[in-house]
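Here's the structure, in structure tokens; my notes come after.
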Amino acid sequence: MKANFKRLIAAGAAAVLLAGTAGAAMAEVSGGMSSWQLGLQNSVTEVMDDIHWFKNFTLGIITIITLFVLALLIYVMVRFRRQANPSPSRTSHNTMIEVAWTVVPILILVVIAVPSFRLLYKQVEIPAYDMTIKATGFQWYWGYEYTDEALEGIAFEAIMLKDDERQQAAQERGVPLSDVPRLLATDYDVVVPVNKTVRVQVTAGDVIHAFAMPAFGIKIDAIPGRLNETWFNARETGIYYGQCSELCGKDHAFMPIAIRVVTQEQFDAWAETAKTDIDGAHKQLMAAIAAERNTAVAAR
Ligand SMILES: [Cu+2]
């Protein structure tokens, strides 16, 4: 028995070590994700910062409640076990306790509700914005339109890359295959400038979808005939991935959202070409980013 237990511990330790090295060997996937991540995706917006805070805040409350209940259970089990307490009390009511266990949970819920509603409003109350993107969910891809006058003409559909297309895309973009992640990478990315407030208008063309971008703290329903609004202001360049988050049919899992946050200069260059040639704009941007990366590597 003892030997078995030791073997189990050794196997467990080996598994943890292996997982650790595998994690270290795996490259970063994108701005929002890191390998072997626990918890929510890394934040690049103020709203997502608040979501992180709120998660930790409620986790703290949950932990305290759980420990409190555990302590009560242990206390009752020890203090009132048959040996220690042979003739049990027959009390059936205690007004003080009734009031306490009604009022205290109400107070806890209020304490949770206040920051929760504040966060909810922050997500949908649009601040002064620099540009607008309209995202339309279709079975099973997203269509995007840049509706500002200065960006008129930029409209495209973003389709998920299948496995063989990923290989090709990685080659064309000059990146390792892991930078064109399976089930997340699309043929054309939504491109936005860094540190700019982007209003996102979301609707759908057929059934209900939902537009979600975890690193930005965005999740909003895409409903046919209705225009929902949200916003983000990403503070770090990079590529961020999200997915349709409302079950919308058989290919629901295959309509990812890819948003590429770039510098203002890169955005301007992309937008200029994208008005007439989305494919050319995409290739040009990928080349610019690859060149930038190569200079960074060379400088190291
Ligand atoms: Cu969908």
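Under mature numbering (1 follows the signal peptide of the UniProt record, and there is no 0), the residues of the sequence shown are numbered -27 to -1, 1 to 273, in order. Yeah, the Cβ is synthetic: ideal placement off N, Cα and C, and Gly gets one too.
Report back the beta-carbon spacing between residue i and residue j to the nearest angstrom; my notes put them in contact at under 8 Å.
| i | j | result |
| --- | --- | --- |
| Thr176 | Pro149 | At roughly 36 Å, the Cβ-Cβ gap does not stay under 8 Å, so Thr176 and Pro149 are not in contact. |
| Ala188 | Cys217 | That pair is no contact at about 16 Å. |
| Asn15 | Ser8 | At roughly 12 Å, the Cβ-Cβ gap does not stay under 8 Å, so Asn15 and Ser8 are not in contact. |
| Thr210 | Val167 | 5 Å |
| Leu43 | Lys28 | Rounded, the Cβ-Cβ distance is 22 Å, inconsistent with contact. |
| Ala263 | Gly190 | Actually they do not touch by this definition, with Cβ atoms about 29 Å apart. |
With H, G and I counted as helix, E and B as strand and the rest as coil, what does DSSP make of residue i?
| i | result |
| --- | --- |
| Ala(-6) | Confidence in Ala(-6) is poor, its pLDDT being 43 and thus under 50, which makes the residue's placement unreliable; the coordinate value appears in the next sentence. Reduced to three states, the DSSP call for Ala(-6) is helix. |
| Asp194 | strand |
| Gly215 | strand |
| His225 | helix |
| Tyr161 | coil |
| Lys107 | strand |
| Phe53 | coil |
| Glu209 | coil |
| Pro88 | helix |
| Asn201 | strand |
| Glu116 | It is Gly, not Glu, that sits at residue 116 in the sequence shown. Gly116: strand per DSSP, three-state reduction. |
| Met21 | helix |
| Ile35 | helix |
| His66 | coil |
| Ala101 | coil |
Look at the alpha carbon of residue i and the alpha carbon of residue j, and state the distance between them as a whole number of angstroms.
| i | j | result |
| --- | --- | --- |
| Pro249 | Glu122 | Residue identity check: residue 249 is Thr in the sequence provided, not Pro. Cα to Cα, the separation comes out at about 14 Å. |
| Glu138 | Ala158 | 10 Å |
| Ser89 | Leu258 | 39 Å |
| Gln174 | Leu80 | 37 Å |
| Asp194 | Ile181 | 7 Å |
| Leu45 | Ala108 | 51 Å |
| Asn267 | Ala143 | 15 Å |
| Leu124 | Ala242 | 12 Å |
| Pro154 | Met50 | 52 Å |
With C-beta atoms as the reference, is residue i less than 7 Å away from residue j?
| i | j | result |
| --- | --- | --- |
| Ala231 | Asp162 | yes |
| Ala247 | Ile85 | no |
| Val171 | Gln96 | no |
| Thr18 | Ala207 | yes |
| Ile251 | Arg233 | no |
| Trp204 | Ile99 | yes |
| Asp224 | Trp113 | yes |
| Asp160 | Ile132 | yes |
Nearest chain E C-beta to residue i closer than 7 Å, yes or no?
| i | result |
| --- | --- |
| Ser7 | As a matter of chain content, chain E is missing from the structure shown, which is built from one protein chain. |
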